[in-house]
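Numbering-wise (our numbering), the sequence shown opens with residue -13 and increments by one.
Here's the structure we're looking at; comments come further down.
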Amino acid sequence: MRFRRRRSDEPRQHGGEPMRRPDIRGLVACLAAATVFSAAGSAAAQDVAITNVRVIVGTGPVIESGTIIVRGGRIASVSAGGANTQRLRAIDGKGMTAMPGFIDCHKHVNPGPNEKEQMQSILEAGYTTVLAGGGMAENNIMLRDHIESGTINGPRIIPSGTVSLRQTPAEARAAVQAMAAKGIKHTGEIGLTPEPAPPQAEIEVLKAIIDEAAKASVQVNVHAVSTPAMVAAIDAGARRLVHLPNKDWTNYEAAEKVAQTGSIVSGLIAFGAPIIDRDSPAPAPVVFPRDNSTRFRDGKAWPEAIAGANRDPKGRATGTEGGYTIINARRIWDADPNHTTMSFSTDQNYADLIVLEHELKSFSIVFSMQDIFKLMGPNSARFVGMADQIGTLEPGKLADIVLLDGNPMLNIYEMLKTKVVLKDGKVVVDKRAR
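What follows is the structure, given as structure tokens:
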């Protein structure tokens, strides 16, 4: 290494001392470290071209063979045929279908010893965004931060905070303010009494929560599982309803109220449907026995184990929840000619791929695949407040993309064949053969 003489107008180093000969070993170490950090940064922001792929945009059109270009974590273009893919990481999508990353509008997630495996399970089922269904705000924030920091792999977690109806309106307002101060923009599910109807005391507290939340830009999510509770929530000002009514048949007038107010009901269509002989291995909290028996989501005998089960005059659980939700979903859907009234959620914590299958089976009874794409994509993005960021494969949106090994236009089972998942343009799941 050669050195030139310092010019008279150049500043001296370290209080006027002349520059000393550099430490070559230190310089090499610094360069090596810089190379590592540069490589890590470029990997996180890697630009991608997905070619030869069927594209379900999410707004209606389906491109049978197209190219998706991702730059800087966002979708740069979606086009039929080929595109300029120079200097891009190429993913050959031949035989695969690209869909917007799945969104779960209501799922209970928590940090803990199994969080790494559980978050990976959610990703591998195709979910890139999850709205935390409830629990302690601090736990939701912790889990989100573990994922965003790269400590674990996982979907985008939208934290929520608990606000109880069992307090005064003033206390409820304070709880909303405290939650907003932590940067949380969603309440967890606020449960209204379903039968015979919510008492007025609950409604008054809910109104206070909704009013205060509007001032703090917090979305209120109300657990309303009967038609009277759903209507009461809407009349109080709620526009995001967690779960379909499962206590009764929703009449046309109630369904029209959902549509006319711009409200959205977040699925859980399969809440009352039994699970039979499905594999749900660890780390899933629930494992179902293979004994050809009907089970509720907690692994216990169906229908007796259904939470808040509907019962006949003799006190026997009827399992009618499974029927109510299916018919109510279609009625609420049809109340709006633009079909914006339904979104997707699971609220279940056995194996994520089996949960997805379970929900899709009930939806497929009364919805077409095109309907399912809409409610899982743009409608769910709207429910969680991210309609301008996710839910469709359009230029400018975050590159949350799931590649399925098949054609989901055919049936729901093709949606269970996740091959590759991108979140923010980064490949977070890749099951392709090496």
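Glycine included, C-beta positions come from ideal geometry on N, C-alpha and C.
Taking the beta carbon of residue i as the centre, do at least 16 other beta carbons fall within 10 Å, making it buried, or is it exposed?
{"i": "Thr234", "result": "Reading the sequence as shown, one finds Asp at residue 234 and not Thr. Flag for Asp234 reads buried."}
{"i": "Thr137", "result": "exposed"}
{"i": "Gly382", "result": "exposed"}
{"i": "Gly411", "result": "buried"}
{"i": "Leu396", "result": "exposed"}
{"i": "Ile262", "result": "exposed"}
{"i": "Asp333", "result": "buried"}
{"i": "Ala18", "result": "Below a pLDDT of 50, predicted positions are generally treated as unreliable, and Ala18, at 39, falls in that range; the measurement from the model is reported next regardless. The residue in question, Ala18, is exposed, as its Cβ has fewer than 16 Cβ neighbours within 10 Å."}
{"i": "Pro394", "result": "buried"}
{"i": "Asn278", "result": "exposed"}
{"i": "Glu101", "result": "buried"}
{"i": "Ser24", "result": "No answer about Ser24 holds up, because its pLDDT of 35 lies below 50 and its placement is not dependable."}
{"i": "Pro97", "result": "buried"}
What's the gap between the Cα of residue i and the Cα of residue j?
{"i": "Glu400", "j": "Thr83", "result": "9 Å"}
{"i": "Ser28", "j": "Ile189", "result": "Unreliable placement is indicated for Ser28, whose pLDDT of 34 sits below 50; no coordinate value is reported for it."}
{"i": "Asn126", "j": "Gly169", "result": "12 Å"}
{"i": "Gly87", "j": "Val406", "result": "10 Å"}
{"i": "Pro323", "j": "Pro141", "result": "32 Å"}
{"i": "Asp298", "j": "Ile351", "result": "26 Å"}
{"i": "Thr154", "j": "Lys243", "result": "28 Å"}
{"i": "Leu37", "j": "Val370", "result": "A quick correction: the sequence has Thr, not Leu, at residue 37. Cα to Cα, Thr37 sits roughly 30 Å from Val370."}
{"i": "Ala111", "j": "Asp416", "result": "12 Å"}
{"i": "Ala194", "j": "Gln186", "result": "13 Å"}
{"i": "Asp374", "j": "Leu361", "result": "16 Å"}
{"i": "Leu346", "j": "Ile340", "result": "10 Å"}
{"i": "Gln32", "j": "Ala69", "result": "17 Å"}
{"i": "Ser366", "j": "Ala66", "result": "26 Å"}
{"i": "Ser146", "j": "Asn335", "result": "18 Å"}
{"i": "Thr173", "j": "Arg420", "result": "43 Å"}
{"i": "Val56", "j": "Ala76", "result": "10 Å"}
{"i": "Glu343", "j": "Ala156", "result": "43 Å"}
{"i": "Gly120", "j": "Met85", "result": "28 Å"}
{"i": "Asp131", "j": "Ala123", "result": "12 Å"}
{"i": "Leu129", "j": "Arg152", "result": "27 Å"}
{"i": "Gly301", "j": "Tyr310", "result": "19 Å"}
Under 8 Å Cβ to Cβ from residue i, same chain only, skipping five residues before and after it: list those, please.
{"i": "Ala183", "result": "Ser212, Pro214, Ala215, Ala218"}
{"i": "Lys403", "result": "Leu390, Asp391, Gly392"}
{"i": "Thr247", "result": "Ile220, Arg225"}
{"i": "Arg474", "result": "As displayed, the chain neither begins before -13 nor continues past 420, which places residue 474 out of reach and without an answer."}
{"i": "Ile196", "result": "Val206, Ala222, Gly223, Ala224"}
{"i": "Arg368", "result": "Ile250, Thr326, Ser329, Gly377"}
Alpha carbons only, please: which of the options is nearest the one belonging to residue i?
{"i": "Ile133", "options": "Met105, Gly305, Ala156", "result": "Met105"}
{"i": "Ser249", "options": "Asp298, Thr71, Ala321, Lys300", "result": "Ala321"}
{"i": "Ile376", "options": "Glu50, Lys417, Arg60", "result": "Arg60"}
{"i": "Ser354", "options": "Arg368, Val341, Ile318, Ile398", "result": "Ile398"}
{"i": "Ala224", "options": "Phe359, Thr378, Leu192", "result": "Leu192"}
{"i": "Glu175", "options": "Cys91, Ala194, Lys286", "result": "Cys91"}
{"i": "Arg418", "options": "Gly68, Asp78, Ile196", "result": "Asp78"}
{"i": "Val251", "options": "Ala270, Gly309, Pro271, Thr326", "result": "Thr326"}
{"i": "Ser63", "options": "Val414, Glu380, Pro394", "result": "Glu380"}
{"i": "Leu109", "options": "Gly98, Asn139, Leu129, Asn96", "result": "Asn139"}
{"i": "Lys93", "options": "Val116, Lys80, Pro99", "result": "Val116"}
{"i": "Asn237", "options": "Gln356, Thr304, Arg317", "result": "Arg317"}
{"i": "Val414", "options": "Val56, Thr114, Ser51, Ile54", "result": "Thr114"}
{"i": "Ala245", "options": "Glu307, Trp319, Thr304, Pro99", "result": "Trp319"}
{"i": "Leu74", "options": "Leu342, Asp357, Tyr310, Ile54", "result": "Ile54"}
{"i": "Val95", "options": "Thr306, Ala202, Ala118", "result": "Ala118"}
{"i": "Glu307", "options": "Gly294, Ala200, Met122", "result": "Gly294"}
{"i": "Gly285", "options": "Arg264, Lys300, Gly301", "result": "Arg264"}
{"i": "Lys80", "options": "Pro97, Gly98, Glu50, Pro99", "result": "Glu50"}
What does a CB cutoff of less than 6 Å around residue i pick up in its chain, not counting 5 residues either side in sequence?
{"i": "Ala210", "result": "Leu178, Met216, Ala219, Leu227"}
{"i": "Ala161", "result": "Val149"}
{"i": "Leu421", "result": "Outside the modelled stretch of the chain, which goes from -13 to 420, sits residue 421, for which no answer is possible."}
{"i": "Ser107", "result": "Asp338"}
{"i": "Pro180", "result": "Val211, Ser212, Ala215, Lys233"}
{"i": "Glu198", "result": "Arg159, Val162"}
{"i": "Ser348", "result": "Ile255, Ala256, Ala259, Ile312"}
{"i": "Thr304", "result": "Asn296, Asp298"}
{"i": "Ala240", "result": "Thr213, Val217"}
Assuming residue i contacts residue j (C-beta within less than 8 Å), just tell me the rounded distance between them.
{"i": "Ile292", "j": "Gly258", "result": "6 Å"}
{"i": "Ala337", "j": "Pro267", "result": "7 Å"}
{"i": "Gly253", "j": "Met372", "result": "At roughly 17 Å, the Cβ-Cβ gap does not stay under 8 Å, so Gly253 and Met372 are not in contact."}
{"i": "Gly44", "j": "Pro260", "result": "31 Å between Cβ atoms; not a contact."}
{"i": "Val34", "j": "Arg40", "result": "Wrong, their Cβ atoms sit about 17 Å apart, outside the cutoff."}
{"i": "Lys171", "j": "Val204", "result": "6 Å"}
{"i": "Phe330", "j": "Ile89", "result": "7 Å"}
Beta-carbon within less than 7 Å of residue i's beta-carbon, same chain only, minus the 5 sequence neighbours each way: which residues are those?
{"i": "Gln72", "result": "none"}
{"i": "Ala315", "result": "Leu230, Ile255, Met328, Val352"}
{"i": "Glu103", "result": "Pro269"}
{"i": "Leu13", "result": "Residue placement at Leu13 is poorly supported in this model, since its pLDDT is 37, which falls under 50; the coordinates are not used for a value here."}
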